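Visitor: The structure is given below, and queries will be raised subsequently.
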Amino acid sequence: MPEGENNDDILTKVTNFVDNNLRMFRFRQFKAVSDVPREFVTKNIPLKGHVTEIRPDNTLGVCHIPFLQGIRDQYSSSKSANSQHDLLSVSVLGVEFRDGGHKWLKDNLMSAEVRMTPFQVTKDSTLDCVLHKKKGWYLSTCVNEELVKQGVAVTCHLSTLTNSEPYIKLQKRLLKAELKAERKGVGIWIRPSLGENLQRVFSFPYIKMKQAAAIVQNLPIKQLFAKKTGKNKS
């Protein structure tokens with residue numbers, strides 16, 4: 010190490026190099042979350058990927074597609090035998106899954122091409138992202154927002170991103186989507202119909218009577234009259 014050059018100077022030089030050569034990194038294929046440069050996360054630089062796994066914990070196994078058409082064509086035509094070991098672990102930012110969320114991911118994202126905007130790397134080495142799925146030629150659907158709209162996920166607050174303006178904007182959109190889902194009564198917000206409520210009210214006494222009758226029916230007759238017999242003897 011040259012004299013007068015400390016660790017901070019080296020870190021600054023490395024950071025500047027990466028910052029000035031982001032275009033070069035965009036043409037590399039990232040096979041693990043640790044391969045993704047820190048600046049991609051801090052600057053929310055989008056990445057493309059192909060979803061190949063929907064995992065039990067609702068994270069995604071995504072094969073990164075570099076911004077180089079030749080590599081993408083090569084990936085599309087033939088998958089490597091080791092591709093399952095070269096997947097980025099990706100989670101959906103700002104939501105908590107509810108009933109139906111895992112099925113929604115399987116039905117809508119499996120084998121789909123997505124655009125991932127990273128916001129942070131979690132303790133589990135997972136890339137926390139805003140995901141967009143292509144819809145038609147020019148449009149795309151925000152997966153995070155759609156999950157909440159369908160009532161299969163709810164908004165959650167992340168204290169680690171309170172200083173991120175893009176995250177604050179996303180959270181506002183998610184809260185609006187959750188409010189709409191609740192008003193429409195979709196997913197976990199489904200409310201029982203008037204007929205179902207009436208049926209529950211009128212069937213309640215009948216159920217209680219039926220349960221009591223079943224208990225009495227299962228008791229021996231001697232037990233039913235034991236107390237009365239004891240009183241008569243006294």
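Numbering (the numbering used here), first residue to last: 10 to 243.
Don't be surprised by glycine CBs; every beta carbon is placed ideally from N, CA and C.
In this text, all values refer to a predicted model and were calculated from it rather than measured experimentally.
So Ile177 is in the alpha helix (DSSP H); what residue range does that whole segment cover?
Guide: That run of the alpha helix (DSSP H) goes Glu174 to Lys193.
Visitor: Let me know the secondary structure DSSP gives His166 once reduced to three states.
Guide: Here His166 sits in coil by DSSP.
Visitor: Kindly list the residues whose CB is nearer than 8 Å to the CB of Thr135, restricted to its own chain and excluding five residues on each side of it in sequence; keep chain order.
Guide: Val42, Thr68, Ser98, Val99 and Ser100, listed in sequence order.
Visitor: Kindly indicate which three-state DSSP category Lys52 falls into: helix, strand or coil?
Guide: Reduced to three states, the DSSP call for Lys52 is coil.
Visitor: Three-state secondary structure (DSSP) at Lys112?
Guide: The answer is helix: DSSP assigns Lys112 an H, G or I state.
Visitor: Let's see if you can read the secondary structure: which residues bound the alpha helix (DSSP H) around Lys158?
Guide: Where Lys158 is concerned, the enclosing alpha helix (DSSP H) stretches over Val152 to Lys158.
Visitor: Can you name the residues that DSSP bridges to Ile74?
Guide: Per DSSP, Lys57.
Visitor: Buried or exposed: which applies to Gly145, given that a residue is buried once 16 or more other Cβ atoms fall within 10 Å of its Cβ?
Guide: It is exposed - the Cβ of Gly145 has fewer than 16 other Cβ atoms within 10 Å.
Visitor: Distance check for Lys158 and Cys151, CA to CA, integer angstroms please.
Guide: C-alpha separation (whole angstroms): 10 Å.
Visitor: Just how far apart, CA to CA, sit Lys132 and Leu188?
Guide: Taking the straight line from one Cα to the other gives about 30 Å.
Visitor: Determine the closest residue to Asp66 out of Phe106, His94, Met125 and Phe36, with distance taken between C-alpha atoms.
Guide: Residue Phe106 is the option with its Cα nearest to Asp66.
Visitor: The beta strand (DSSP E) that contains Pro46, what's its start and end?
Guide: Element bounds for Pro46: n/a, residue is neither H nor E.
Visitor: So if DSSP puts Gly149 in a beta bridge, which residue, or which two residues, is it bridged to?
Guide: Just to set this straight, residue 149 is Ser in the shown sequence, not Gly. According to DSSP, which records beta bridges pairwise, Ser149 is partnered with Lys143.
Visitor: Determine the closest residue to Ser94 out of Glu122, Cys72, Ala121 and Glu155, with distance taken between C-alpha atoms.
Guide: Residue identity check: residue 94 is His in the sequence provided, not Ser. Closest option to His94, Cα to Cα, is Cys72.
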